[in-house]
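A.B. asks: If you scroll down you'll find the structure; I have some questions about it.
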Amino acid sequence: MVQTSSAHSAHSARGNSRIVRTLPVLPLALSGVLLLTACGSESAGARQDGRTPAGAARSSGPAGEFSCEPRPSGAASAPSASSTPSASAGGEPAKDGVRITGTGRIPHPCFGFEVTNKEKEALSYTVTFTLLSGSGAALETTKQTVPSVKPGETTQRIVDMRDLLPSTQDSARVRITKVRSVPAGEAPSTGGTCPSSGVRVYADEDGDAAMGLRVLALHLENCGTQPYRLNGYPQLQVLDERHQVLSGVETVRGSEVAQSTGADGSPRPMTLQQGERAYAVLVWRNTVGGGDAVNAPYARVRAQSGAAPVTVIPELDLGTTGKLGVGPWKKDDTRAPGAGGASGSRAPDRPSAPTAPVQQ
1 MVQTSSAHSA
11 HSARGNSRIV
21 RTLPVLPLAL
31 SGVLLLTACG
41 SESAGARQDG
51 RTPAGAARSS
61 GPAGEFSCEP
71 RPSGAASAPS
81 ASSTPSASAG
91 GEPAKDGVRI
101 TGTGRIPHPC
111 FGFEVTNKEK
121 EALSYTVTFT
131 LLSGSGAALE
141 TTKQTVPSVK
151 PGETTQRIVD
161 MRDLLPSTQD
171 SARVRITKVR
181 SVPAGEAPST
191 GGTCPSSGVR
201 VYADEDGDAA
211 MGLRVLALHL
221 ENCGTQPYRL
231 NGYPQLQVLD
241 ERHQVLSGVE
251 TVRGSEVAQS
261 TGADGSPRPM
271 TLQQGERAYA
281 VLVWRNTVGG
291 GDAVNAPYAR
301 VRAQSGAAPV
311 TVIPELDLGT
321 TGKLGVGPWK
331 KDDTRAPGAG
341 GASGSRAPDR
351 PSAPTAPVQQ
């Protein structure tokens with residue numbers, strides 16, 4: 001049995017999201033790890049609430065120490081011999097074009113990092129960092145999004161750890177846990193300017209998982225001014241870490257993988273007015289038998305034939321099944337007509353998934 005009560009829950013996407021997990025003790029020698037110092041006096045540029053506006057971190061500070069005082073938001077610099085990421089501050093190696101640039105005092109622990117795009121197209125990055133205690137125990141993780149980094153460009157950011165550390169913790173180490181990137185033109189959106197297509201498509205940040213069964217929802221919002229007609233199933237391509245299509249993965253109807261997950265049922269035609277939403281459920285099993293297990297971070301989604309593609313990051317651990325179940329689009333009745341579509345609008349709570357036991 002798997003719990004599916006949140007297979008279709010609200011996801012208010014944020015550029016910088018916070019995830020709390022309990023993780024095992026980790027060894028001290030970690031790639032991308034940096035000691036965060038205790039805070040001193042508040043630096044210039046910090047707001048009254050202790051947060052620092054998003055922007056590039058500066059390396060100048062008292063006695064040459066790293067400063068979290070930002071440059072103007074969105075500041076970026078082209079890589080040079082000294083700035084191209086090869087190691088994080090403290091001599092730790094960089095990871096997939098990301099490196100930690102230093103620590104600061106604002107007056108709570110903070111760290112800076114930079115992203116260098118070595119590819120030939122603009123990319124949007126999602127970087128996961130893990131905070132560690134002095135003994136190596138994981139305290140918390142945080143995801144940071146850096147949108148639209150142009151080819152050859154290095155973009156810097158700072159992270160204020162004010163709300164991330166326990167009140168009893170005055171220092172931490174930070175590790176670059178995971179780096180994901182998608183083409184900037186295919187990045188998912190949950191707010192801000194409505195895409196030219198008139199719809200936003202995005203995936204839940206975390207799905208439901210139990211007994212090797214995974215359930216995760218895709219969402220579509222009509223943020224345009226015209227009605228949007230929808231019928232059938234979303235079209236998916238499963239991509240590997242290099243954004244290449246995995247030809248060995250078969251997409252099937254959701255009910256072929258498991259029943260009562262929200263991915264079953266027949267498609268029905270619908271018309272979404274401005275601000276209305278639909279959802280479709282993905283379901284797969286992490287069953288490992290003979291052969292190599294398949295792990296695919298990305299999926300390129302088209303709402304329907306001919307629609308503009310959006311690349312989401314569902315972290316598909318398909319085991320050796322080679323199958324991804326896709327459910328039909330269903331109307332999300334938690335959003336009333338005319339209640340959304342404005343810039344920066346937040347996603348509503350999605351309907352509860354069926355609570356009946358999953359049929360194996």
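According to the UniProt record's numbering, the residues represented by the sequence shown are 1 to 360, in order. Glycine included, every Cβ here is placed at the ideal spot set by N, Cα and C.
1) Determine the burial state of residue 222: buried for a count of at least 16 other Cβ atoms within 10 Å of its Cβ, exposed for fewer.
2) Give the DSSP-derived three-state secondary structure of residue 256 in the structure shown.
3) Taking the alpha carbon of residue 146 as the point to measure from, which residue in 202, 177, 156 and 137 has its own alpha carbon closest?
4) Could you name the residues of the same chain whose beta carbon sits closer than 8 Å to that of residue 247, not counting the 5 residues immediately before and after it, in chain order?
5) CB-CB under 8 Å to residue 202, same chain, minus the five flanking residues each way: which ones, in chain order?
6) Can you check the region 275-326 for any alpha helix (DSSP H) of at least 4 residues that lies completely inside it and give the ranges in chain order?
7) Taking the DSSP output, what are the residues bridged to residue 180?
8) Considering only their Cβ atoms, is the gap separating residue 239 from residue 300 smaller than 8 Å?
9) Can you look up residue 186 in the DSSP assignment and give me helix, strand or coil?
10) Have a look at residue 235 and residue 266 and give me their C-alpha separation to the nearest angstrom.
11) How far does the beta strand (DSSP E) with residue 220 in it extend, from its first residue to its last?
12) Excluding the 5 residues preceding and the 5 following residue 179 in the sequence, name in chain order all residues of the same chain whose CB lies nearer than 6 Å to its CB.
13) Between 103, 224 and 327, which has its C-alpha nearest residue 261's C-alpha?
14) When DSSP labels each residue in this structure, what does residue 148 get in the three-state scheme?
15) Between residue 293 and residue 319, is the Cβ-Cβ spacing less than 8 Å?
16) Would you grab the beta carbon distance between residue 198 and residue 228 for me? Rounded to a whole angstrom, and I think it's under 8 Å.
17) Run through DSSP, which three-state label would residue 334 get?
18) If you drop the 5 nearest sequence neighbours on each side, which residues of the same chain put their C-beta closer than 8 Å to that of residue 230?
19) For the candidate residues 121, 102, 249 and 167, whose alpha-carbon lies nearest to that of residue 112?
20) Where does residue 239 sit, in a helix, a strand or coil, going by DSSP?
21) Do you know how far the Cα of residue 129 is from the Cα of residue 362?
22) Go ahead and label residue 161 buried or exposed: buried means 16 or more other beta carbons lie within 10 angstroms of its beta carbon, across all protein chains shown.
23) Ordered along the chain, which non-local residues of its own chain (more than five positions away) have a Cβ less than 6 Å from that of residue 125?
24) Hey, quick one: how far does the beta strand (DSSP E) through residue 193 stretch, first residue to last?
25) Roughly how many whole angstroms lie between the Cα atoms of residue 152 and residue 183?
26) DSSP beta-bridge partners for residue 271?
27) Output yes or no for whether 8 Å exceeds the beta carbon distance between residue 131 and residue 149.
28) Residue 208 lies in the beta strand (DSSP E); which residues open and close that run?
29) I need the straight-line Cα distance from residue 154 to residue 287, nearest angstrom please.
30) Between the Cα of residue 204 and the Cα atoms of 177, 298, 307 and 323, which residue gives the shortest distance?
C.D. replies: The structure says:
1) Counting other Cβ atoms within 10 Å of its Cβ, residue 222 reaches 16 or more and is therefore classed as buried.
2) Under the three-state reduction of DSSP output, residue 256 falls in the helix class.
3) Minimum Cα distance to residue 146 is reached at 156.
4) none
5) 11, 13, 188, 189, 190, 218, 219, 310 and 312
6) none
7) Answer is 126, bridged to residue 180.
8) Contact flag set, yes.
9) Three-state result, residue 186: helix.
10) 15 Å
11) 213-222
12) 95, 96, 98 and 127
13) 327
14) strand
15) yes
16) 6 Å
17) coil
18) 220, 269, 270, 271, 272, 278, 303, 304 and 329
19) 102
20) Residue state for residue 239 is assigned as strand, using DSSP reduced to three classes.
21) Nothing can be reported for residue 362, as the shown portion of the chain is limited to 1 through 360.
22) buried
23) 115, 146 and 181
24) That residue, residue 193, is in no beta strand (DSSP E); it is neither H nor E in DSSP.
25) The straight-line gap separating the alpha-carbon atoms of residue 152 and residue 183 is approximately 14 Å.
26) 229
27) No; because the gap between Cβ atoms is not below 8 Å, this pair is not in contact.
28) Going by DSSP, residue 208 is part of the beta strand (DSSP E) stretching over 208-210.
29) 40 Å
30) 298
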